[in-house]
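One structure is given below, encoded as structure tokens.
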Amino acid sequence: MPKVVPEYKKMAKLKIIQVAYQVFSKKGYHPSKMDEIASEVGVSKATLYSYFESKEDLLKMISISTSQRLTEIFQKPLEGQDSLEPFEELYNKMEEFQGSLHLNFEILSLSSHDKNIREIGKNIYDEKMDVFQVFLENLQNKGMIRDDVDPRILARLVTALYTDIAMQLIMGFNKSEVRETWDKSLSAILEK
């Protein structure tokens, strides 16, 4: 039997994660089947299970991947850029991936019944909070935003705003009004 090249294995895993993300976004987590994901990827179910032990593992990897993208957005400014531009990019990503935002709420709903998924959701939340906190702390140190509130509290406020805006986008509210709410709310939270 030929040996699987590590680079191929990495690419195959990434492809499976991308397809699972699309399937979960389209159908929801519970209705999605591993058979369907395997078929979409073009592999057998056995091959799929050789990469991921369960649908839950796939959800975990999707969450990690999403969290990494968020980190990338907010680490760019730490490397020299001094602006709130990452929040602009975050909003644009919410609009771009509007069709899959419901996965966040599905994870939240599932977490009330499933300890493992609760742990995944908690980890996503904690990572988001940490990324926002470091970013906001950096802006406070540069005098760009208010410094009279602990950056962790500001991070919680931004996270709450993110959740509300995501919900509005999912529910089909007027995009220009949602955008205005995002911008004005961020200003109210962060301005000196």
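Plus 143 on top of the position in the sequence shown (first one is 1) and you've got my numbering.
Just so you know, even glycine gets a beta-carbon here, dropped at the ideal spot from N, CA and C.
Check                                                                                                                                                               : Outcome
Leaving out the 5 sequence neighbours to the left and right, which residues in its chain are closer than 7 Å to K203 when beta-carbon positions are compared?       : I263
Starting from the Cα of F217, find the closest Cα among E228, S243, L201 and give me that residue.                                                                  : E228
Going by Cα to Cα distance, which pick from E323, M310, L213 is closest to D269?                                                                                    : L213
Around the Cβ of S206, are there at least 16 other Cβ atoms within 10 angstroms (buried) or fewer (exposed)?                                                        : buried
Return the chain-ordered list of same chain residues with a C-beta closer than 6 Å to the C-beta of F195, the five sequence neighbours on each side being excluded. : L201
Once you ignore the five residues that flank E232 on each side, which residues in its own chain have a CB closer than 7 Å to its CB?                                : I216
Whose C-beta lies closer than 6 Å to the C-beta of T324 among residues of the same chain, with five residues either side of it excluded?                            : none
Given this structure, state the Cα-to-Cα distance separating V184 from D293, to the nearest angstrom.                                                               : 46 Å
At 4 residues or longer, and completely inside the stretch 178-243: list those alpha helix (DSSP H) runs for me, N to C.                                            : 188-194, 198-218, 228-239
Ignore the nearest five residues each way along the sequence and tell me which others in L244's own chain have a CB closer than 7 Å to its CB.                      : M237, A309, L312, I313
Can the beta-carbon of Q276 be found closer than 7 Å to that of R295?                                                                                               : yes
If you follow the alpha helix (DSSP H) that H245 is in, where does it begin and where does it stop?                                                                 : 245-254
Can you look up G264 in the DSSP assignment and give me helix, strand or coil?                                                                                      : helix
Compare the beta carbon distance of H302 and K271 with 7 Å and say whether it is the shorter of the two.                                                            : Looking at the sequence provided, one finds Thr at residue 302 rather than His. Yes, they are a contact pair.
Mind checking N247: buried by the 16 CB within 10 Å criterion, or exposed?                                                                                          : buried
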